[in-house]
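Chemist:
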Amino acid sequence: MLAPNREGWLCRCSCKLVFPVSCSLVKLLEETRQWWFINSKLQAVASRVAEEMGVKLGEEVGYTIRFEDVTNTDKTVVKFLTDGVLLREMMDDPLLSKYSVIMVDEAHERSISTDILLGLLRKIQRRRPDLRLIISSATIEAKSMASFFRSSKRHQEAGATDLGPSKEPAILSVEGRGFNVEIHYVEEPVPDYVQAAVSTVLLIHDQEPAGDILVFLTGQDDIDAAVRLLTEEVQSHGKKSHGLIVLPLFSGLPRADQDLVFSPTPRGKRKVVISTNIAETSLTMEISDIENLVVAPISKASARQRAGRAGRVRPGKCYRLYTEEYFVKQMSSEGIPEIQRSKLVSCVIQLKALGIDNILGFKWPASPSSEAMIRALEVLYSLGVLDDDAKLTSPVGFQVAEIPLDPMISKMILASDQLGCAEEILTIAAALSIQSIWVSGRGMQKELDEAKLRFAAAEGDHVTFLNVYKGFLQSGKSSDWCRRNFVNAHAMKKVIEIRAQLKRIAQRLGIVLKSCESDMTVLRKAVTAGFFANACRLEAYGHNGMYKTVRGSQEVYIHPSSVLFRVNPKWVVYHSLVSTDRQYMQNVITIEPSWLPEAAPHFYQQRQLGPSIH
DNA sequence: GAGCACTGC
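See the structure below:
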């Protein structure tokens with residue numbers, strides 16, 4: 001399977017799973033010194049490979065993820081790790097000199113880290129002719145992947161002739177698995193898609209042979225409505241709905257209810273799962289046959305992904321509640337490939353730390369737009385991470401690159417050292433790094449809001465996090481305390497983990513872990529030092545809580561989940577924006593406008609802040 | 001008065 005064909009190292013195999021490929025490779029290359037897999041489900045794969053090789057996990061075969069290093073420096077020859085971990089390792093060892101073979105699995109999934117990694121590996125292979133690269137990718141991507149690495153070879157032949165021949169990487173293309181899925185479209189656009197979904201379910205149930213149904217709707221509201229309509233139909237003992245089991249599925253649903261979806265369908269029954277796009281990727285039902293309703297607008301890629309949920313065990317059908325013309329002409333092919341600015345900012349700083357100075361000339365498998373790149377460089381410049389020559393500043397730039405967080409958070413941590421509030425800021429940094437510390441859930445907003453009020457701080461959400469953290473520690477990290485206070489226990493566990501990691505890094509950087517006790521002003525200043533670019537001012541009277549960003553005059557509002565919602569202090573900075581019908585600021589803290597030119601003299605000149613500074 | 005879901009250091 002690995003032998004080079006005449007066209008080079010482009011091989012094809014039609015394996016049912018990626019795993020057997022990896023396993024055969026292990027057998028084939030057992031004699032090599034050390035080599036690498038990069039895969040998201042790597043713990044599971046690592047333990048299977050260890051089992052296959054008859055060795056103990058953590059010895060000859062090991063893995064490394066963010067909070068776990070299950071390897072043994074003396075013994076490990078096969079190591080599984082995430083792309084992020086490998087990028088971190090490259091900061092100490094840019095040529096990855098310890099390793100002889102690197103396999104990048106699922107390269108087509110193409111997270112931005114994988115893209116950087118591929119770009120760096122392409123560079124490394126010019127300096128490391130002995131390094132074997134194996135890239136596994138979906139078939140459609142294999143050719144472009146091969147040419148990405150081939151163009152590097154041409155470059156090498158034209159330029160550096162003294163480096164000796166280097167092998168092109170083996171590109172494994174893994175065929176899509178599964179059975180045929182028959183696609184149906186509606187002939188005319190439907191006026192009410194929830195109603196249309198319900199009718200289609202009943203029609204399928206009436207006319208199609210056994211097999212479960214999976215329906216994608218946009219949100220919890222529509223799911224509730226559809227479940228209600230179908231359940232009413234079932235309860236009225238209508239002939240059309242006899243034997244139908246109706247189950248909702250969304251992330252906020254309690255675990256026990258989610259498990260129902262995965263339980264086997266009783267004989268003679270048909271399960272219908274009404275889901276958000278949680279089921280698009282994470283759901284693989286171990287049941288006979290899944291039929292699939294999709295509601296627009298999503299991307300073509302997403303639509304194919306959804307259709308692929310059917311036909312995994314035997315042929316399936318997919319009913320799209322939009323017209324074929326709409327699919328062909330209106331739907332975008334790839335969704336939103338736009339790289340988030342903050343992500344790109346992190347990447348740029350990592351490349352800089354790896355010594356790649358010419359960022360704009362870096363060869364990516366798919367380049368981000370130069371506008372996005374320039375915006376990222378601007379952010380880093382304003383943070384004082386890059387200097388006028390776009391080089392990492394010392395020490396701030398190098399320190400920010402050391403911290404595995406969004407550079408704005410890293411800058412906030414560094415500022416907290418001078419301001420004497422690192423203890424508090426590390427907690428805030430950890431809390432900002434996870435989705436939410438509160439339990440989500442409908443039908444208990446009132447209790448949740450009341451619970452939040454018990455911790456709410458006048459300064460805003462960041463200080464509120466501190467209050468929750470304090471309470472959690474005082475309770476002895478009790479999960480019962482979490483339940484009573486509508487705090488997500490699992491999220492708090494993560495906060496503790498991340499905080500411990502940040503503490504280790506902070507100590508390595510020589511940051512003094514001092515507490516500011518009750519002085520919230522220094523704490524707010526530290527937040528401002530990182531997030532000054534997100535400063536907003538409340539519009540004067542009668543604008544119903546409308547703020548404008550200081551820099552862009554963009555209209556924004558405080559998100560209803562914030563403790564400052566309806567409080568509307570005059571000046572705030574936010575952590576992130578979420579855009580729905582409006583632009584909402586999430587995690588908001590009050591500031592004094594005079595701190596802005598202090599924190600970022602290049603970014604804010606005094607006069608920009610206008611006459612309302614007092 | 002908002003709410004699709006991951007992944008990663």
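Final position of the first sequence in full-length UniProt numbering is 614; the numbers increase by one with none missing.
Cβ coordinates follow ideal geometry from the N, Cα and C atoms, glycine included.
Under a Cβ-count criterion, where at least 16 other Cβ atoms within 10 Å of its own Cβ denotes burial, should residue 161 be classed as buried or exposed?
Modeler: Because the pLDDT at residue 161 is just 41, under 50, the model does not fix this residue reliably, and the point stays unresolved.
Chemist: Pull the bridge partners of residue 62 from the DSSP assignment, please.
Modeler: DSSP output for residue 62 lists 79 as bridge partner(s).
Chemist: For residue 391, count the other beta carbons within 10 Å of its own beta carbon; 16 or more makes it buried, fewer makes it exposed. Which is it?
Modeler: Under this definition residue 391 is an exposed residue.
Chemist: If you draw a straight line from the alpha carbon of residue 107 to that of residue 327, how long is it in whole angstroms?
Modeler: So the alpha carbons of these two residues sit roughly 27 angstroms apart.
Chemist: Starting from the N-terminal side, write out each stretch of the alpha helix (DSSP H) that is 4 residues or longer and does not extend beyond the stretch 355 to 431.
Modeler: You should have 370 to 382, 396 to 402, 407 to 419.
Chemist: Could you pull the start and end residues of the beta strand (DSSP E) that residue 271 belongs to?
Modeler: Looking at the DSSP string, the run of the beta strand (DSSP E) that includes residue 271 is 270 to 275.
Chemist: Taking residue 428 as the reference, which of 404, 417, 466, 557 has the closest Cα?
Modeler: The residue with the shortest Cα to Cα distance from residue 428 is 466.
Chemist: Taking residue 385 and residue 407 to be in contact with their CB atoms under 8 angstroms, please state how far apart those CB atoms are, rounded to whole angstroms.
Modeler: With 8 angstroms as the limit, residue 385 and residue 407 qualify as a contact, their Cβ atoms being about 6 angstroms apart.
Chemist: Could you compute how far the alpha carbon of residue 498 sits from the alpha carbon of residue 504?
Modeler: Spanning the two alpha carbons is a distance of roughly 10 angstroms.
Chemist: When the Cβ atoms of the stretch 508 to 519 are set against those of the stretch 412 to 432, are three or more pairs found closer than 8 angstroms?
Modeler: At 8 angstroms Cβ cutoff, the stretches touch.
Chemist: If we count the other Cβ atoms within 10 Å of its Cβ and call it buried at 16 or more, is residue 541 buried or exposed?
Modeler: So residue 541 ends up on the exposed side.
Chemist: Taking only the alpha-carbon atoms, compute the straight-line gap between residue 431 and residue 555 and give it to the nearest angstrom.
Modeler: C-alpha separation (whole angstroms): 26 angstroms.
Chemist: Count the other CB atoms within 10 Å of the CB of residue 195; is the residue buried (16 or more) or exposed (fewer)?
Modeler: Looking at its Cβ environment, which holds fewer than 16 other Cβ atoms inside 10 Å, residue 195 is exposed.
Chemist: Do you know how far the Cα of residue 90 is from the Cα of residue 602?
Modeler: Looking at the two C-alpha atoms, the distance is approximately 32 angstroms.
Chemist: For residue 56, does the three-state DSSP call read helix, strand or coil?
Modeler: In the structure shown, residue 56 sits in coil (DSSP, three-state: anything other than H, G, I, E or B).
Chemist: In chain order, which beta strand (DSSP E) runs of at least 3 residues are fully inside the stretch 493 to 544?
Modeler: Qualifying beta strand (DSSP E) stretches, in chain order: 535 to 538.
Chemist: Can you tell me the Cβ-Cβ gap for residue 80 and residue 45, rounded? I've got them flagged as a contact below 8 angstroms.
Modeler: Contact holds; Cβ gap of about 6 angstroms.
Chemist: Mind checking which residues open and close the alpha helix (DSSP H) that includes residue 463?
Modeler: It spans 461 to 474 - the alpha helix (DSSP H) in which residue 463 sits, taken as one unbroken run.
Chemist: Using DSSP bridges, identify the partner residues of residue 546.
Modeler: DSSP lists 557 as partners of residue 546.
Chemist: Tell me the DSSP secondary structure of residue 287 in three-state form.
Modeler: Because residue 287 carries a pLDDT of 44, less than 50, the predicted location of this residue cannot be relied on, and the following value inherits that uncertainty. Three-state result, residue 287: coil.
Chemist: Relative to the C-alpha of residue 190, which residue among 253, 199, 182 is closest?
Modeler: That would be 199, whose Cα lies nearest to the Cα of residue 190.
Chemist: Can you list, in chain order, the residues of its chain with a C-beta nearer than 7 angstroms to that of residue 574? Leave out the 5 residues immediately preceding and following it.
Modeler: Correct list, in chain order: 534, 536, 585, 586, 587, 588.
Chemist: Going by beta carbon distance, what residues of the same chain come within less than 8 angstroms of residue 400, once the five residues before and after it are set aside?
Modeler: 349, 383, 385, 407, 410, 411, 414, listed in sequence order.
Chemist: Contact check, residue 590 vs residue 524 under 8 angstroms by CB: the rounded distance?
Modeler: Confirmed, about 7 angstroms.
Chemist: Pull up the CB-CB distance for residue 95 and residue 127, whole angstroms please, since I reckon it's below 8 angstroms.
Modeler: 6 angstroms between Cβ atoms; contact.
Chemist: Less than 8 angstroms between C-beta atoms, sequence neighbours within five positions excluded: which residues of the same chain meet that for residue 88?
Modeler: 404, listed in sequence order.
Chemist: Taking residue 578 as the reference, give the member of 550, 435, 532, 445 with the closest Cα.
Modeler: Nearest option by C-alpha distance: 435.
Chemist: Could you tell me the alpha carbon to alpha carbon distance between residue 478 and residue 472, rounded to whole angstroms?
Modeler: Rounded to the nearest angstrom, the two C-alpha atoms are 7 angstroms apart.
Chemist: Can you list, in chain order, the residues of its chain whose CB lies under 8 angstroms from that of residue 362, leaving out five sequence neighbours each side?
Modeler: 119, 351, 356.
Chemist: Does DSSP put residue 132 in a helix, in a strand, or in coil?
Modeler: Strand.
Chemist: Where does residue 132 land, buried or exposed, given buried means 16+ other C-beta within 10 angstroms?
Modeler: Result: buried.
Chemist: Which whole-angstrom value is the C-beta distance of residue 270 and residue 212, which I expect to be below 8 angstroms?
Modeler: Rounded, the Cβ-Cβ distance is 6 angstroms, consistent with contact.
Chemist: Give the range of the alpha helix (DSSP H) segment to which residue 124 is assigned.
Modeler: It spans 112 to 127 - the alpha helix (DSSP H) in which residue 124 sits, taken as one unbroken run.
Chemist: In this structure, how does DSSP classify residue 581 when only helix, strand and coil are distinguished?
Modeler: Coil at residue 581, not helix or strand.
Chemist: Using three-state DSSP, classify residue 336 as helix, strand or coil.
Modeler: At residue 336 the pLDDT is 41, less than 50, meaning the model places this residue with poor confidence and gives no usable figure here.
Chemist: Count the other CB atoms within 10 Å of the CB of residue 397; is the residue buried (16 or more) or exposed (fewer)?
Modeler: By the neighbour-count rule (16 or more Cβ atoms within 10 Å), residue 397 is buried.
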